[in-house]
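Read through the structure below, which is laid out as structure tokens, and then see the notes.
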Amino acid sequence: MTFSVSMCKQTMSFLNIEYGLFKSNFFRPRQQKDKVVILLGATGTGKSRLSIDLATQFPAEIINSDKIQVHVGLNILSNKIPKEERCGIPHHLLGVIHPNVDFTTLDFVDMASDAMASILSRGQVPIIAGGLNSYIEALADDGDFLFRSKYECCFLCLDVAMPVLDQYVSD
């Protein structure tokens, strides 16, 4: 498996693997639990780009969990990935809430749960990517552990060296 910077066909892919060579069974057809991929990491680490790369390699759709990117507009402020760079991959909870609306953690859990059910009904894997860990915690670490009893989760945490991250965010 190799990693590099990605932007659909414009640049190289994060993932350079063939489906048959992928050693994990995670993206293969369902066994008992539905699969969910959760991408975590600081702003600018490449969560959105990696989510698109994964979704172009495997049958998946993306659910945004960034508190700012969920709002309509604010594209530059939030570094929302432009439509032309989404490679045709469906994105859920991206630019759907008016900026003046108070979008709570409970709202996120409800809407993300509905999006996951919809994605899974189409035989796709939900990839949850974004910057707000409180949304992910509320979804995946519910008090009754219903989420983890229902879904097999693959958590990927992206980490970038601070000088690289500082330069990227500055640019």
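Everything in the sequence shown is counted per my numbering, starting at 34 for the first residue and increasing by one.
Positions of the beta carbon are idealized from the N, C-alpha and C atoms, including for glycine.
If you're wondering where the values come from, they're calculated on a predicted model, not measured in any experiment.
Can you look up residue i in the DSSP assignment and give me helix, strand or coil?
| i | result |
| --- | --- |
| residue 115 | coil |
| residue 122 | coil |
| residue 196 | helix |
Let's see if you can read the secondary structure: which residues bound the beta strand (DSSP E) around residue i?
| i | result |
| --- | --- |
| residue 16 | Any question about residue 16 goes unanswered here, given that the chain covers just 34 to 204. |
| residue 188 | 184-191 |
| residue 171 | From DSSP, residue 171 is part of no beta strand (DSSP E) but of the alpha helix (DSSP H) over 166-173. |
| residue 68 | 67-74 |
| residue 159 | 158-162 |
| residue 95 | 93-97 |
Hey, quick one: how far does the alpha helix (DSSP H) through residue i stretch, first residue to last?
| i | result |
| --- | --- |
| residue 87 | 80-90 |
| residue 126 | Neither: residue 126 is in no alpha helix (DSSP H) and is coded neither H nor E. |
Just to confirm before moving on: does the CB-CB distance between residue i and residue j stay below 7 angstroms?
| i | j | result |
| --- | --- | --- |
| residue 120 | residue 78 | no |
| residue 142 | residue 191 | no |
| residue 176 | residue 98 | no |
| residue 138 | residue 167 | yes |
Pull up the CB-CB distance for residue i and residue j, whole angstroms please, since I reckon it's below 8 angstroms.
| i | j | result |
| --- | --- | --- |
| residue 207 | residue 71 | Here the chain has residues from 34 to 204 only, and residue 207 is not among them. |
| residue 184 | residue 68 | 7 angstroms |
| residue 148 | residue 131 | Residue 148 to residue 131, Cβ: 18 angstroms. No contact. |
| residue 105 | residue 136 | Residue 105 to residue 136, Cβ: 11 angstroms. No contact. |
| residue 198 | residue 75 | 7 angstroms |
| residue 84 | residue 160 | 5 angstroms |
| residue 188 | residue 73 | 7 angstroms |
| residue 91 | residue 158 | 6 angstroms |
Return yes when at least one heavy atom of the ligand MG lies under 6 angstroms from the C-beta of residue i, else no.
| i | result |
| --- | --- |
| residue 74 | The model on display carries no ligand, and the ligand MG is accordingly not part of it. |
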